[in-house]
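Participant:
Residue numbers (our numbering): 603 to 1080.
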């Protein structure tokens, strides 16, 4: 990348800096931006946001058909580049600039983007009387078809964008100091901590902290940062008088002893509450700014895949079942019928994080009301496998304060996600959602990857439950 190219700041770079300043620094230093222009190195969440905006812009084009609107108008001046999604002129609004964004409410970052675009346009000698953000309406429920007029909201941000102009200039000065090399202290830059949406935070460069790093303190990241800033570099060397919760004390004791903490009594009570057949259920869901089916809302999670591992009796063979929806048509009735057949009417239904699976069952019941009672019955059988970890009845000294299944499963059962093509729920969500928005079927490799990921979750729960049973030296009641 040439020096001239590096000096140009566009709207995407500006948004990147606002979200994660360290990611912006990393892009400039590693030249990722040039390579990532084709999407190769852009995080999946970033690529999906672009796809969402493009789909919404097409809806806006349809809504404004017959008007004098211009679309995707570029402004470039003094090393800055911005793009207005729509420009119009009317008697009521004068000259109007509009940006299309995919969130269901007008975020501050959207207004900052509008202020940046207005600033660049002014550098080009173009002024606007009205500045608006188009975005999907929160709470919009789709009928048989999407009503573009009901879906899209127009928020006037003229005044607030103008008020942010000076702040935009401050941000641009910081960005230029990084670009020209006058600032070179990356450790001082803000990070977002969203690996699925950020090239830096999702890379190995972000690193994994030591198991005794104070910043890993459970529900105490701010306290941990303050401790490190004041010179405390280990959980084992905390200053006297610091207030700690029961869970934090368990974490610190496990780190000191370099071994897991186990509350055998409470774990045994949990295991004793399980009933065979044990059914380990995992849903994957997708969400989009365009509701996919009748009765669905903007950005609502819609289940498209489940896997189920069933163990009929202690030591018995494992039965596997699965369902993956099709992109081309509404699969919800077929999913419900298959699930009810697979899951039966007896036994504990074990999930990791009860709220999500319970919500998926409830929403399926509202969409397919003839099966609502049966789905409610399934929901009443749910057992949350995350409970022993949430309550610290089991805590591994290498968890680093994390209670996620992605952290606990490798430590407890020796199996993780690194060998999979899809490794987390965001990637699964976006893979299916992108196919739905693009109105194209899943590739065979994508379908395999989705099934493999969801199966790892349900199979992983089974392995975790078995490990907890071994710790208790007992099996659940038949």
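The beta carbon of each residue, even a glycine, is placed where N, CA and C say it ideally should be. Bear in mind that the values here come from a model prediction, so they are computed numbers and not experimental data.
Tell me which residues share the same chain as residue 861 and place their Cβ nearer than 7 Å to its Cβ, disregarding the 5 neighbours each side in the sequence.
Facilitator: Around residue 861: 999.
Participant: Do the region 782-795 and the region 622-632 touch if we need at least three Cβ pairs shorter than 8 Å?
Facilitator: Three or more Cβ pairs drawn from the region 782-795 and the region 622-632 lie within less than 8 Å of each other, which places the two stretches in contact.
Participant: To the nearest angstrom, how far is it from the Cα of residue 917 to the Cα of residue 966?
Facilitator: If you take the alpha carbons of residue 917 and residue 966, they lie about 33 Å apart.
Participant: Cα separation between residue 976 and residue 932?
Facilitator: 20 Å
Participant: Which residues in the same chain as residue 1162 place their Cβ atom closer than 7 Å to its Cβ, once the five residues preceding and following it in sequence are excluded?
Facilitator: The structure shown has nothing for residue 1162, since the chain only spans 603 to 1080.
Participant: In chain order, what residues of the same chain lie with their CB nearer than 7 Å to the CB of residue 934, ignoring the 5 residues before and after it?
Facilitator: 895, 966, 969 and 970
Participant: Measure the C-alpha to C-alpha separation of residue 630 and residue 802 and round it to an integer number of angstroms.
Facilitator: 11 Å
Participant: Have a look at residue 926 and residue 1048 and give me their C-alpha separation to the nearest angstrom.
Facilitator: 11 Å
Participant: Can you look up residue 1064 in the DSSP assignment and give me helix, strand or coil?
Facilitator: helix
Participant: If you follow the beta strand (DSSP E) that residue 815 is part of, which residue opens it and which one closes it?
Facilitator: Counting along the chain, residue 815 falls outside any beta strand (DSSP E), and DSSP gives it neither H nor E.
Participant: Residues in its own chain within less than 8 Å of residue 640 by CB, not counting five upstream and five downstream?
Facilitator: For residue 640, the predicted structure reports a pLDDT of 36, less than 50, and the residue's modelled location is therefore unreliable. The matter cannot be settled from this model.
Participant: Please list, in chain order, all residues of the same chain as residue 829 whose beta carbon is under 6 Å from its beta carbon, the five residues on each side excluded.
Facilitator: Contacts found: 816.
Participant: For the pair the region 1015-1029 and the region 1041-1056, tell me if three or more CB-CB distances fall below 8 Å.
Facilitator: yes
Participant: Three or more beta-carbon pairs under 8 Å between the region 873-883 and the region 1002-1015, yes or no?
Facilitator: no
Participant: Are the C-beta of residue 766 and some C-beta of chain B separated by less than 7 Å?
Facilitator: Checking the listed chains, one finds no chain B in this structure; it contains a single protein chain.
Participant: Helix, strand or coil: which one does DSSP assign to residue 800?
Facilitator: coil
Participant: I need the boundaries of the alpha helix (DSSP H) containing residue 654, first residue and last residue.
Facilitator: 646-665
Participant: Please list, in chain order, all residues of the same chain as residue 987 whose beta carbon is under 7 Å from its beta carbon, the five residues on each side excluded.
Facilitator: 952, 953, 954, 1063, 1066 and 1067
Participant: Mind checking whether the beta-carbon of residue 994 lies closer than 6 Å to any heavy atom of the ligand SAM?
Facilitator: Of ligands this structure carries none, so the ligand SAM is not represented either.
Participant: Pull up the distance between the alpha-carbon of residue 636 and that of residue 921, whole angstroms please.
Facilitator: Here the model assigns residue 636 a pLDDT of 40, short of 50, so the residue's position is not dependable, and the following value carries that caveat. Going by the C-alpha atoms only, they are around 48 Å apart.
Participant: Who are the Cβ neighbours of residue 872 in its own chain at under 6 Å, not counting the five residues just before and after it?
Facilitator: 990
Participant: What do you reckon, are the CB atoms on residue 744 and residue 841 nearer than 7 Å?
Facilitator: no
Participant: Under the assumption that residue 754 contacts residue 662 (Cβ atoms under 8 Å), give the Cβ distance between them as a whole number of angstroms.
Facilitator: 6 Å
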